[in-house]
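Asker: Mapped onto full-length UniProt numbering, the consecutive letters of the sequence shown carry residue numbers 1 to 130.
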Amino acid sequence: MTELSGSCLCGAVRFSVSGEVRQVVSCHCTQCRKQSGHFWATSAARKADMDIVGTEYVRWYQATAEARRGFCELCGSLLFFEGKGREDVAFSAGALDGKTGLTTEAHVFVAEKGDYYQIAPEEPQFDGRD
1 MTELSGSCLC GAVRFSVSGE VRQVVSCHCT QCRKQSGHFW ATSAARKADM DIVGTEYVRW
61 YQATAEARRG FCELCGSLLF FEGKGREDVA FSAGALDGKT GLTTEAHVFV AEKGDYYQIA
121 PEEPQFDGRD
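1) Can you look up Y116 in the DSSP assignment and give me helix, strand or coil?
2) Excluding the 5 residues preceding and the 5 following Q31 in the sequence, name in chain order all residues of the same chain whose CB lies nearer than 7 Å to its CB.
3) What residue ranges within the UniProt domain "CENP-V/GFA" (4–118) form continuous alpha helix (DSSP H) runs of no fewer than 4 residues, ordered along the chain?
4) Taking buried to mean at least 16 other C-beta atoms within 10 Å of its own C-beta, is R69 buried or exposed?
5) Go through its chain and collect everything with a Cβ distance to E66's Cβ below 8 Å, but skip five positions before and after it.
6) In whole angstroms, give me the CA-to-CA distance for I101 and V24.
7) Could you say which of G76, E87, E56 lies nearest to G37 if we only look at CA atoms?
8) Can you name, in chain order, every residue of its own chain whose Cβ lies under 6 Å from the Cβ of A106, other than the five neighbours on each side?
9) Thinking C-beta only, is G54 closer than 7 Å to A12?
10) Assuming the contact rule is C-beta atoms closer than 8 Å, V108 and R129 should be a hit. Round their C-beta distance to whole Å, please.
11) So, for E3: in the same chain, excluding its five sequence neighbours on each side, which residues have a beta-carbon less than 8 Å away from its beta-carbon?
12) Distance check for E112 and A44, CA to CA, integer angstroms please.
13) Can you grab the Cα-Cα spacing for the pair H28 / F91, in whole Å?
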């Protein structure tokens, strides 16, 4: 079982995860790049395994009909991504506290990546979600 914790930049929103977590996936889609300022690296866990403190500061942006993105209304930190009907929630790997032991397992939507950076060729890459 993994125990991780994290927060937004100002600390108003904190979250903890106890349970299985997915390794990091870096998304290079246009939406992630526009919202995060670069590609967005996330891990994910079952909603039932997450505890969020400061939910009154979390605002949700309905990014598509199928997904929404959660961020801190005070500092703007992008924290969560929820797909409609899914039992898991993705969370920002950069918001995690300290060392995590997680590694990047894949890069997705690389067909939309910016032209100003490179991805190591040995890392798995997918033009779309998979």
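Note that beta-carbon positions come from the ideal geometry of N, C-alpha and C, so glycine has one too.
Answerer: From the atom records:
1) Locating residue 116 in the sequence shown gives position 116, where the first residue counts as 1. DSSP places Y116 in coil when its eight states are reduced to three.
2) Against the sequence shown, residue 31 aligns to sequence position 31. These residues qualify, in order along the chain: A63.
3) Listed in chain order, they are 30–36.
4) Taking the sequence shown and counting its residues from 1, the one referred to as residue 69 is at position 69. Buried, because 16 or more other Cβ atoms sit within 10 Å of the Cβ of R69.
5) On the sequence shown, residue 66 is found 66 positions in, with the first residue counted as 1. Within the same chain, E66 has close Cβ partners G83, K84.
6) To locate residue 101, count along the sequence shown from 1; it is residue 101. To locate residue 24, count along the sequence shown from 1; it is residue 24. Note that residue 101 is Gly in the sequence shown, not Ile. Using only the alpha carbons, I get a separation of about 10 Å.
7) What you label residue 37 is simply residue 37 of the sequence shown in a count that begins at 1. That would be G76, whose Cα lies nearest to the Cα of G37.
8) For the purposes of this step, residue 106 is taken as the residue at position 106 of the sequence shown. A distance below 6 Å between beta-carbons, with the five flanking residues on each side excluded, links A106 to the following residues of its chain, in chain order: V25, P124.
9) Reading the sequence shown from its first residue, position 12 is the one you call residue 12. Reading the sequence shown from its first residue, position 54 is the one you call residue 54. For the 7 Å CB-CB criterion, A12 and G54 form a contact.
10) Here residue 108 is taken as the residue at index 108 of the sequence shown, counted from 1. Here residue 129 is taken as the residue at index 129 of the sequence shown, counted from 1. Yes, V108 and R129 are in contact; Cβ-Cβ is about 6 Å, under 8 Å.
11) Start at 1 with the first residue of the sequence shown, and residue 3 comes out as number 3. Same-chain partners within the cutoff: S16, V17, S18.
12) The residue you call residue 44 lines up with position 44 of the sequence shown. The residue you call residue 112 lines up with position 112 of the sequence shown. Just so you know, the alpha carbons of A44 and E112 end up roughly 22 Å apart.
13) Residue 28 sits at position 28 when you count from the first residue of the sequence shown. Residue 91 sits at position 91 when you count from the first residue of the sequence shown. Cα to Cα, the separation comes out at about 15 Å.
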